[in-house]
Amino acid sequence: MKLIAQHEDIFWPEETIESLRFTSRVFIRNHEGKYAFLRIVGEDFLGLRNHLETCGGGVEADETFLEAAIREVEEEIGYTAKNYRLLGCIIDRLNPIQRMTCSVFFEAEADEQLPETNRTEEEKILIDQVVWLSPDEAIRQFRHAESKVDAWVHRRDLRAFIYLLENQDESC
Numbered sequence: 126m127k128l129i130a131q132h133e134d135i136f137w138p139e140e141t142i143e144s145l146r147f148t149s150r151v152f153i154r155n156h157e158g159k160y161a162f163l164r165i166v167g168e169d170f171l172g173l174r175n176h177l178e179t180c181g182g183g184v185e186a187d188e189t190f191l192e193a194a195i196r197e198v199e200e201e202i203g204y205t206a207k208n209y210r211l212l213g214c215i216i217d218r219l220n221p222i223q224r225m226t227c228s229v230f231f232e233a234e235a236d237e238q239l240p241e242t243n244r245t246e247e248e249k250i251l252i253d254q255v256v257w258l259s260p261d262e263a264i265r266q267f268r269h270a271e272s273k274v275d276a277w278v279h280r281r282d283l284r285a286f287i288y289l290l291e292n293q294d295e296s297c
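Shown next as structure tokens:
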């Protein structure tokens, strides 16, 4: 698997890493060439949030990265998707929770819209909406951050999105 990037946490004071988390994240493209992103708003222990984020989340026990990606797309944005393609991974640390995360990124094509999403209680609070953006619109929004947590998420997702755009015709 291609390592797209490795990021240190430059936003919060350094802490000892106590845990490792594996996530799957997906760039979903529709027939108009726009990508689905989650608009996250609210406040949690990391501070105020007002950012874009790729669809995705933790890989559960006995689940592959691809299975997690498929599940997260259905749960968070309420779509099925097809033609999943592995892009690579980004490893980053988040000092306030003493965690290192390995995020595996995929791209896929939106297929059918489901009648509803199946979000967790926390997702119901933080996910304001699903927005479909052109690549230029997404990059512009990723380059803006109002808080540390916005900057942390945008750095990860912008790097993966640029990698996707630069390697659209390649297979991993």
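Following our numbering, the numbering of the sequence shown begins with 126 at its first residue and continues without gaps.
Note that the Cβ used here is the ideal one computed from N, Cα and C, for glycine as well.
All of these numbers come straight from a predicted model, not from anything done at the bench.
Does residue i pass the burial test, meaning 16 or more other C-beta atoms within 10 Å, or should it be called exposed?
| i | result |
| --- | --- |
| T189 | exposed |
| C297 | Note that C297 has pLDDT 41, beneath the 50 cutoff, so the model's placement of it is unreliable and the number below is only indicative. Its Cβ having fewer than 16 others within 10 Å, C297 is exposed. |
| E237 | exposed |
| R265 | exposed |
| A186 | exposed |
| E197 | buried |
| G302 | Only positions 126 to 297 of the chain appear in the structure, and residue 302 is not among them; the question remains open. |
| T148 | buried |
| E143 | exposed |
| D294 | exposed |
| D282 | buried |
In this structure, does DSSP put residue i in helix, strand or coil?
| i | result |
| --- | --- |
| N175 | strand |
| I215 | strand |
| L283 | helix |
| V256 | strand |
| P249 | The question names Pro, but residue 249 in the sequence shown is Lys. Looking at K249 - three-state DSSP - the assignment turns out to be helix. |
| S296 | Residue confidence for S296 is low, a pLDDT of 48 falling below 50, so the modelled location carries little weight and cannot support an answer. |
| E301 | The structure shown has nothing for residue 301, since the chain only spans 126 to 297. |
| E143 | coil |
| V184 | coil |
Return the first residue and the last residue of the beta strand (DSSP E) that residue i is part of.
| i | result |
| --- | --- |
| E271 | Looking at the DSSP string, E271 is not in any beta strand (DSSP E), and its letter there is neither H nor E. |
| E232 | R224 to Q238 |
| R164 | Y160 to D169 |
Ends of the alpha helix (DSSP H) at residue i?
| i | result |
| --- | --- |
| L194 | In the sequence as presented, Leu is not what sits at residue 194; that position holds Ala. It spans F190 to E201 - the alpha helix (DSSP H) in which A194 sits, taken as one unbroken run. |
I'd like to confirm the pairing. Which residues does DSSP put opposite residue i in its beta bridges?
| i | result |
| --- | --- |
| Q131 | I216 |
| E262 | DSSP output for E262 lists no bridge partner at all. |
| R154 | Y160 and E234 |
If you pair each beta-carbon of the stretch 251–267 with each one of the stretch 165–185, do three or more pairs fall below 8 Å? yes
Would you call the stretch 173–181 and the stretch 213–224 in contact, with 3 or more CB pairs under 8 Å? no
Contact between the stretch 227–237 and the stretch 150–162 is defined here as three or more beta-carbon pairs at a separation below 8 Å; is this criterion met? yes
If you pair each beta-carbon of the stretch 268–281 with each one of the stretch 200–210, do three or more pairs fall below 8 Å? no
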